[in-house]
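All residue numbers for the sequence shown refer to the numbering used here, where the first residue is 43 and numbers rise by one. Glycine is no exception: its CB is placed at the ideal position from the N, C-alpha and C atoms. A quick write-up on the structure given underneath.
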Amino acid sequence: MFRQIELITLNVASFGWIMASMMDYLPVLIGTIVGLSIAGLNVVRIITEIRKWKAKKKASG
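Here is the structure:
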C-alpha cells in the first residue's frame, strides 16, 4: 500500500517537471504546490496508519 502511494507521488512530481519544461513557470509553481500538498497528505495518512497498526499490535499483546 505504501509503495503504491510513493509511486503516485513520484508520478505527480515527474509530471510537474515535464510541465515545467513545456510551459511557463506559473502553472508549474501551482502544480508543484498541489503535488507537494498531495504528498504531505499521503505522509500524514501513512503516519496515522502506522500508529493504528502499532496500537492494534499493543492491544493484541
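| Check | Outcome |
| --- | --- |
| Straight-line Cα distance separating I75 from G82 | 10 Å |
| Sub-8 Å separation of G77 and A97 beta-carbons | no |
| Separation of T90 from S102, as counted between CA atoms | 18 Å |
| 8 Å contact criterion, which I72 and T51 should meet: CB distance rounded | At roughly 17 Å, the Cβ-Cβ gap does not stay under 8 Å, so I72 and T51 are not in contact. |
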